[in-house]
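Counting in full-length UniProt numbering, the sequence shown tops out at residue 62, every number present.
These notes concern the structure reproduced below.
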Amino acid sequence: MNKDHGTPKTEEDVTGAVKVPDYPSEKEQPVNTVDNPDQLPDGNTPGTTEVDVTVTYPDGTK
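Next up, the structure:
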């Protein structure tokens, strides 16, 4: 995902971008959580940043 220079990423930006392919839309959806918010880019450093996310399914599995 891209944002304008100087605009930091938020946890909501990241978790909203995580999709589970072919997960039934009619079922309760998994919850995505950023593992370490300190990994979020500040918007001032160019390049690619990986942010670890945990996907928790409705049955509690991750």
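Glycine is no exception: its CB is placed at the ideal position from the N, C-alpha and C atoms.
Note that the structure is a prediction, hence the values are computed from the model and not measured.
Residue i classed as buried or exposed, judged by whether at least 16 other C-beta atoms fall within 10 angstroms
i    : result
LYS9 : buried
Cut-off 6 Å between Cβ atoms - residues of its own chain near residue i, not counting five sequence neighbours on either side
i     : result
GLN39 : VAL51
Euclidean distance between Cα positions of residue i and residue j
i     : j     : result
PRO24 : PRO41 : 31 Å
VAL14 : GLN29 : 16 Å
GLY43 : PRO37 : 14 Å
GLU26 : HIS5  : 37 Å
Simplified DSSP state of residue i, which is helix, strand or coil
i          : result
residue 98 : Outside the shown range of the chain (1 to 62) lies residue 98, about which nothing can therefore be said.
THR10      : coil
THR15      : helix
Contacting residues, own chain, Cβ-Cβ under 7 Å from residue i (five flanking each side not counted)
i     : result
ASP35 : ASP52, VAL53, THR54
Cut-off 8 Å between Cβ atoms - residues of its own chain near residue i, not counting five sequence neighbours on either side
i    : result
THR7 : GLY43
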